[in-house]
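**Student:** The opening position of the sequence shown corresponds to residue 1 in full-length UniProt numbering, with each subsequent residue numbered one higher.
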Amino acid sequence: MTLGQQITALRKKKKFSQGELGKLMETSGDIIGRYERDEVKPSIEVVIRMADVLEVSLDYLVGKTTMELDNSILSRIQEIQKLPADIKEKLFYFIDMSIRDYKAKQAYGH
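#1: For Leu-69, collect the residues of the same chain with a Cβ closer than 8 Å to its Cβ; drop the 5 residues on either side in sequence, then sort them by chain order.
#2: Does the beta-carbon of Met-67 have 16 or more other beta-carbons within 10 angstroms, so that it is buried, or is it exposed?
#3: Can you tell me whether DSSP reads Met-67 as helix, strand or coil?
#4: Is it the case that the Cβ atoms of Asp-38 and Leu-10 are separated by a distance below 8 Å?
#5: What is the DSSP secondary structure of Met-1, reduced to helix, strand or coil?
#6: Looking only at its chain, what residues have a beta carbon closer than 6 Å to the beta carbon of residue 144, apart from the 5 residues adjacent to it on each side?
#7: Leaving out the 5 sequence neighbours to the left and right, which residues in its chain are closer than 6 Å to Gly-29 when beta-carbon positions are compared?
#8: How far does the alpha helix (DSSP H) with Val-46 in it extend, from its first residue to its last?
#9: Pull up the distance between the alpha-carbon of Glu-79 and that of Ser-43, whole angstroms please.
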């Protein structure tokens with residue numbers, strides 16, 4: 001998926017018009033349209049701002065990853081990163097247990 005296609009998909013997911021996204025980006029809807037059609041490549045500063053406005057990671061916006069992490073998940077991960085190793089280990093234990101339980105319910109629930 002091109003950057004323009006990704007911008008279009010994310011804009012539509014947020015239910016923004018090109019004009020609304022343009023206003024949030026402090027530019028015009030016409031410029032957003034040109035980005036979406038891949039006629040113009042935005043500067044890195046614009047792409048960073050767009051990722052913030054669309055509430056996705058920069059990597060996701062530019063197609064470096066297919067995993068969409070919203071800002072609330074990213075901020076939690078950043079907070080976990082700051083914790084001491086023993087607390088992180090406990091958190092990961094509970095996360096792993098929850099994932100395992102969910103997968104088991106999915107497998108046996110059908």
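From the three backbone atoms N, C-alpha and C, an ideal C-beta is built for every residue, glycine too. Predicted model, so just to flag it, every value in this text is computed and none were measured.
**Tutor:** Concretely, from the data shown:
#1: Here the set comprises Val-56, Ser-57, Tyr-60, Ile-77.
#2: Exposed, because fewer than 16 other Cβ atoms sit within 10 Å of the Cβ of Met-67.
#3: In the structure shown, the three-state DSSP call for Met-67 is coil.
#4: Cβ distance not < 8 Å, so Asp-38 and Leu-10 don't count as in contact.
#5: Three-state DSSP puts Met-1 in coil, outside helix and strand.
#6: Here the chain has residues from 1 to 110 only, and residue 144 is not among them.
#7: Counting only Cβ-Cβ distances below 6 Å, and skipping sequence neighbours, we find Gln-18, Gly-19, Gly-22.
#8: For Val-46, the uninterrupted alpha helix (DSSP H) segment begins and ends at 44-54.
#9: Per the coordinates, the alpha-carbon of Glu-79 lies some 29 Å from the alpha-carbon of Ser-43.
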